[in-house]
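Residue numbers for the sequence shown follow my numbering, so the first one is 1 and each next one is one higher.
Positions of the beta carbon are idealized from the N, C-alpha and C atoms, including for glycine.
Predicted, not measured: the structure shown is a model, and the values here were computed from it.
To start, the structure itself, in structure tokens.
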Amino acid sequence: MANLSQSQIDQLYLVMVICGGISFAFSFIVLLAHIFLRKSQRRFNDPVLWLSFCCLMMPVFTLKIGNWGTEWCVGEAAGNQFFNVASFLWVTCIAHQLYQVLCCDLPIVSNKYLPAYHLLCWGIPLITVALLLFFGHFETETEDVGWCWIESGPWRFTLFYIPMFILMLINCVAYVFIIWTVYGKYKRALDVQGRGPESQNFAKQTIVWGLKASLYPVVFLGVRTGSTINRIYEIFGSNPNFGLKVIHVLCSGLQGFFYALVYIYNERVLARLRRSCEPAAHGFESDYSYPYASSNYSEESEFDDSFPNEGQDQYELRT
Numbered sequence: 001m002a003n004l005s006q007s008q009i010d011q012l013y014l015v016m017v018i019c020g021g022i023s024f025a026f027s028f029i030v031l032l033a034h035i036f037l038r039k040s041q042r043r044f045n046d047p048v049l050w051l052s053f054c055c056l057m058m059p060v061f062t063l064k065i066g067n068w069g070t071e072w073c074v075g076e077a078a079g080n081q082f083f084n085v086a087s088f089l090w091v092t093c094i095a096h097q098l099y100q101v102l103c104c105d106l107p108i109v110s111n112k113y114l115p116a117y118h119l120l121c122w123g124i125p126l127i128t129v130a131l132l133l134f135f136g137h138f139e140t141e142t143e144d145v146g147w148c149w150i151e152s153g154p155w156r157f158t159l160f161y162i163p164m165f166i167l168m169l170i171n172c173v174a175y176v177f178i179i180w181t182v183y184g185k186y187k188r189a190l191d192v193q194g195r196g197p198e199s200q201n202f203a204k205q206t207i208v209w210g211l212k213a214s215l216y217p218v219v220f221l222g223v224r225t226g227s228t229i230n231r232i233y234e235i236f237g238s239n240p241n242f243g244l245k246v247i248h249v250l251c252s253g254l255q256g257f258f259y260a261l262v263y264i265y266n267e268r269v270l271a272r273l274r275r276s277c278e279p280a281a282h283g284f285e286s287d288y289s290y291p292y293a294s295s296n297y298s299e300e301s302e303f304d305d306s307f308p309n310e311g312q313d314q315y316e317l318r319t
């Protein structure tokens, strides 16, 4: 960091604060929308909710509160480690849930894996934080523009980057399986039902569902690739690169914002919010269901790009 000018340091910190503020605000909006507009049986059993909570907390631990003293720095480092690793795990749980829904016919409202999700997503980060505290490998003073985190060296690589790379690989594999399954449904919709407009519309909806379903893993891979490039450069380069620092700060700071955009797009938040204000006038039940696993799909629905109900006689498919 010594080769960065004070002006560059100030610019990076400003970008970090702005990006973190944007992510915090959008993650908070997602939490409110999810809690108050969801069906009661799915309000708190959705990994997206807990991913948004992690994204809400992460910017809090990038505000250089470690400058207030050693204890504050250790606390900031622990918060960074805990919520970042937890976010990786919750994204992976989303991928697992999507895989179970598409490939194993698990109902989207099922709570079957929820206890395991919570155990893994909170337990693993807690174990890593406990190990780092016990062996004293959290930083005790912050860099000029950075935040307190794990000391450079094998502990950072072992307890952060190795889990991250493993989870990135798992998400890639899940993404491939999801796309492959969706493609199979697309082919069957055309082959079994013919090439008529109704069948092609069903196939189109299936493809749209598959693309939407994969957006969370795509964001995870994108933002982590951007920040990892800078970390790899720092390992092998003797001097910091300002451009890579900017990319790192943007990717890390805006991940909550990108996840929120995926949520708003997938859930059609604005349209559903508008409709929920006048349910009696439109005969519309104000609920939130995955657009890619809707259990109340109908051809008259305003939201007709939802995943088609496989129970419909006209378009019945089996995986």
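| Check | Outcome |
| --- | --- |
| First through last residue of the alpha helix (DSSP H) which encompasses K245 | 242-253 |
| Proximity of L333 and V182 at Cβ, strictly below 7 Å | Because the chain is modelled from 1 through 319, residue 333 falls outside the range shown and cannot be assessed. |
| Segment contact flag, the region 225-243 with the region 55-75, C-beta cutoff 8 Å, min 3 pairs | no |
| Residues near G172 by beta carbon distance below 8 Å, same chain, minus five either side | Residue identity differs from the one stated: residue 172 is Cys in this sequence, not Gly. Around C172: P217, L221. |
| Residue from C148, C93, T92 with nearest C-alpha to T70 | C148 |
| Length of the line joining the Cα atoms of L270 and S27 | 15 Å |
| Residues of its chain near S7, where Cβ-Cβ distance is below 7 Å and the 5 sequence neighbours each way are ignored | none |
| Beta strand (DSSP E) runs contained entirely in the region 211-244, provided each spans 3 or more residues | none |
| Nearest candidate by alpha-carbon position, reference I264, set L131, H34, P107 | H34 |
| Top-ranked residue by Cα proximity to F165, from F88, G256, L254, V17 | F88 |
| Residues near S52 by beta carbon distance below 6 Å, same chain, minus five either side | S27, V30, L31 |
| Rounded C-alpha distance that separates L244 from C251 | 10 Å |
| Counted within 10 angstroms of its Cβ, other Cβ atoms place C93 as buried (16 or more) or exposed | buried |
| Where F320 falls: helix, strand or coil (DSSP) | Shown here, the chain extends from 1 to 319; a query on residue 320 therefore has no answer. |
| S227 classed as buried or exposed, judged by whether at least 16 other C-beta atoms fall within 10 angstroms | buried |
| Top-ranked residue by Cα proximity to A86, from Y13, V246, T225, M58 | M58 |
| Other residues of its chain near C19: CB distance less than 7 Å, five sequence neighbours each side excluded | V249, L250, G253, L254 |
| CB of F157 within 7 Å of CB of P125, strictly | no |
| Backbone CA spacing between W155 and P107 [nearest angstrom] | 40 Å |
| Length of the line joining the Cα atoms of G208 and V91 | The sequence given here has Val at residue 208, not Gly. Distance between the alpha carbons of V208 and V91 is about 20 Å. |
| Identified DSSP bridge partners for F138 | I150 |
| Whole-number beta carbon distance between L102 and I324, since they are thought to touch under 8 Å | This structure cannot settle anything about residue 324, because the visible part of the chain is limited to 1 through 319. |
| Member of W180, E267, Y13 whose CA lies at the smallest distance from the CA of Y99 | W180 |
| Rounded distance between the beta-carbons of C73 and G79, thought under 8 Å | The Cβ separation is near 11 Å, so there is no contact. |
| Under 7 Å between C-beta atoms of L114 and N45 | yes |
| V48 versus G153, F258, L169, C277, residue with shortest Cα-Cα distance | F258 |
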